[in-house]
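Going down the list, the protein sequences come from chains D and R.
Residues in the first sequence are numbered consecutively from 2, following this note's numbering.
Residues in the second sequence are numbered consecutively from 16, following this note's numbering.
The beta-carbon is built from N, C-alpha and C at its ideal position, and this holds for glycine as well.
These figures come from a predicted structure and were not determined experimentally.
First the structure, in the form of structure tokens, and then the observations on it.
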Amino acid sequence: MTTPNRRLSLDEVLDEFFYSADKPTPAQVIRACEGHPEYRADIVEFAALWTAYEASSEPAEDASTSATHAEDVSFLQSFVLNRLHELDGKPASTSDLESTKRAVAALKGAKLARAAAFVGFGSNVLLLAKVLTTITNVPARIVKDLAEHLQVLQADLQQCLRPRVAGARSYSAARAPNAPGSETWESAVRALPVSEDEKKRLLAFQDGDAS
Amino acid sequence: MHTSEADAAVAALDDHALRARLTRKDWRNDPLFIPDEQVFSQFRLARAKDDKARLGLLAEALNERLLEHSRKFALKMRMVPGLIDDPRRAALEIASCIWEHLLARASDAAHAEKAFGQFFKRRALDFFKALLAKKRKLQSSLDTDDDEDDEVLVTDHLDELKDFNTPDLLAARQQEFGRVNSRLLEILTQKEYITFTLLNGDNWQVQEVAAALGVTVKSVNNYKRSALAKIDKEFKQ
Numbered sequence: 002m003t004t005p006n007r008r009l010s011l012d013e014v015l016d017e018f019f020y021s022a023d024k025p026t027p028a029q030v031i032r033a034c035e036g037h038p039e040y041r042a043d044i045v046e047f048a049a050l051w052t053a054y055e056a057s058s059e060p061a062e063d064a065s066t067s068a069t070h071a072e073d074v075s076f077l078q079s080f081v082l083n084r085l086h087e088l089d090g091k092p093a094s095t096s097d098l099e100s101t102k103r104a105v106a107a108l109k110g111a112k113l114a115r116a117a118a119f120v121g122f123g124s125n126v127l128l129l130a131k132v133l134t135t136i137t138n139v140p141a142r143i144v145k146d147l148a149e150h151l152q153v154l155q156a157d158l159q160q161c162l163r164p165r166v167a168g169a170r171s172y173s174a175a176r177a178p179n180a181p182g183s184e185t186w187e188s189a190v191r192a193l194p195v196s197e198d199e200k201k202r203l204l205a206f207q208d209g210d211a212s
Numbered sequence: 016m017h018t019s020e021a022d023a024a025v026a027a028l029d030d031h032a033l034r035a036r037l038t039r040k041d042w043r044n045d046p047l048f049i050p051d052e053q054v055f056s057q058f059r060l061a062r063a064k065d066d067k068a069r070l071g072l073l074a075e076a077l078n079e080r081l082l083e084h085s086r087k088f089a090l091k092m093r094m095v096p097g098l099i100d101d102p103r104r105a106a107l108e109i110a111s112c113i114w115e116h117l118l119a120r121a122s123d124a125a126h127a128e129k130a131f132g133q134f135f136k137r138r139a140l141d142f143f144k145a146l147l148a149k150k151r152k153l154q155s156s157l158d159t160d161d162d163e164d165d166e167v168l169v170t171d172h173l174d175e176l177k178d179f180n181t182p183d184l185l186a187a188r189q190q191e192f193g194r195v196n197s198r199l200l201e202i203l204t205q206k207e208y209i210t211f212t213l214l215n216g217d218n219w220q221v222q223e224v225a226a227a228l229g230v231t232v233k234s235v236n237n238y239k240r241s242a243l244a245k246i247d248k249e250f251k252q
């Protein structure tokens, strides 16, 4: 393990850890933890997931699901070309992505409630929590208003809301698995314990997206 | 690893010939198969030259390959249907994440040019870890009393479990790991999962897990005992 002159980021530590061996050994993991105790939990969890990967058998191929779909390739192609345009097309100004990530991470408790009210969710704080974690098609109007509230760029906020996935079931062992983790705007709104009129109002946030 | 000669040969192909070469799939036996490293290297070259036609062609080939790698990763890690409902969606999410690193991080791009598969595994594992963290964050924002880790830690009266390793026991452990792996993330806490995976997936010693986690051997034995009880309950039909 090198002695850093500056504090290494978690990413750098995991890179060093991962690229130094074919699979995690106890000695290697313990050495990494001792060298970077501030990242111990992340290092050990990463090692466990890596171990699980190496120990898992190759998936049985199912002909019905094994083909790559042309529309998925096309979707990904659009994603790549758009990102290239964003990265290569804009001037080399500093990105505010990190500060946007921090602003999103700080949305908890009262801040979350204020943001929910600002974007027009009223007291439906859970809906905003889902916007930040599980909803796959957040209406553009909400991204715009939330960016305004956080005083960040919409493009940076979009990056923070991507990838639009989250775990589907409870990590807690104390209770039964809960609701699916990735959901559409419509299904998230319909699941809210609010009146039908309120659901109709919230569903209308999508109205501008189709055009 | 591909060579600069091979790179030059691929670079010399016209778009039509390159497209034909990129359709070849038999990476084990076909000498004309273009490895992922080389496809990505050519992609970077096209990006640097702002050759949009070539860029699109190579991006499309990489997309097909990335979606396939991602789908296999998701299935192997049992992300589907436990964490993400649809394998196509899982593949798209992983592939998008991988692209983000390829496009925006020079160190990742450089590594991908040398060892694409290794780079892919590193970032796909990161994606999986982030997915779990996101799930835990969502869960904790909805829970107010989710502290089962503490409940495990305070069970101080349990005897330490013996940890004898014989070849038969090691084989049986790995077989058991393979059998229950698909449900582990759903039924175990984070520390129980880490403990069970390291002990059973790769035959670590309890002491080694304790040193890695920075906890006592007794705590690890508690995680192990608790994990086994939950697994036994889950799979006892």
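If the five residues before and after D/LEU158 are omitted, its C-beta is found closer than 8 Å to the C-beta atoms of THR101, VAL105, VAL144, LEU147, ALA148 and LEU151, all from its own chain and listed in chain order. Following the DSSP letters along the chain, one finds R/ILE209 inside the alpha helix (DSSP H) bounded by residues 205-216. DSSP places R/VAL230 outside any alpha helix (DSSP H), giving it a letter other than H or E. Think of a sphere of 9 Å around the beta carbon of D/ALA141: no beta carbon from chain R falls inside it, the nearest being about 19 Å out. With the criterion set as a beta carbon lying under 7 Å from some beta carbon of chain R, the members of the stretch 120-148 of chain D are ALA130, THR134 and THR135, in sequence order. Burial is judged here by how many other beta carbons sit within 10 angstroms of a residue's own beta carbon; R/HIS126 has at least 16 and is buried. By a beta-carbon distance limit of 8 Å, D/ASN138 contacts D/THR185. Their separation comes to about 6 Å.
Residue-level contact by beta carbon holds for D/TRP51 and chain R, with a gap shorter than 8 Å. Against R/ASP217, the close residues of chain D are LYS24, PRO25, THR52, GLU55 and ALA56, in the order they occur along the chain (beta-carbon pairs closer than 8 Å).
With respect to D/ASP43, D/LEU9 sits apart: the two C-beta atoms are not nearer than 8 Å. Nearest to R/SER56 by alpha-carbon distance, out of R/LEU243, R/LEU70 and R/ALA89, is R/LEU70.
Beta-bridge analysis with DSSP links D/GLU184 to D/ILE136. Its chain contains PRO102 as the residues whose beta carbon lies nearer than 8 Å to that of R/LEU90, once the 5 sequence neighbours on both sides are disregarded; these appear in chain order. Within the stretch 57-122 of chain R, not a single complete beta strand (DSSP E) segment reaches 3 residues in length. Under the three-state reduction of DSSP, R/LYS40 is assigned to coil, being neither helix nor strand. Excluding the 5 residues flanking it on each side, R/GLU207 has same chain C-beta neighbours closer than 6 Å at TYR238, SER241 and ALA242, in chain order. Taking a Cβ-Cβ cut-off of 8 Å, R/LEU184 has no neighbours in chain D, whose nearest Cβ is about 16 Å from it. Three or more Cβ pairs closer than 8 Å define a contact, and the stretch 106-113 of chain R falls short of that threshold against the stretch 215-222 of chain R. With a 10 Å radius around the Cβ and a threshold of 16 neighbouring Cβ atoms, R/LEU184 comes out exposed. Here DSSP, grouped into helix, strand and coil, assigns R/ARG138 to helix. At a cut-off of 8 Å, the C-beta of D/HIS70 has a neighbouring C-beta in chain R.
Bounds of the alpha helix (DSSP H) holding D/LEU88 are 71-90.
Just measuring C-alpha positions, the residue of R/TRP219, R/ASN236 and R/ILE246 sitting nearest R/LEU199 is R/ILE246. The shortest CA-to-CA distance from D/TYR54 to any of R/MET92, R/PHE211, R/LYS149 and R/ALA121 is the one to R/MET92. When DSSP states are grouped into helix, strand and coil, R/LYS245 belongs to the helix group.
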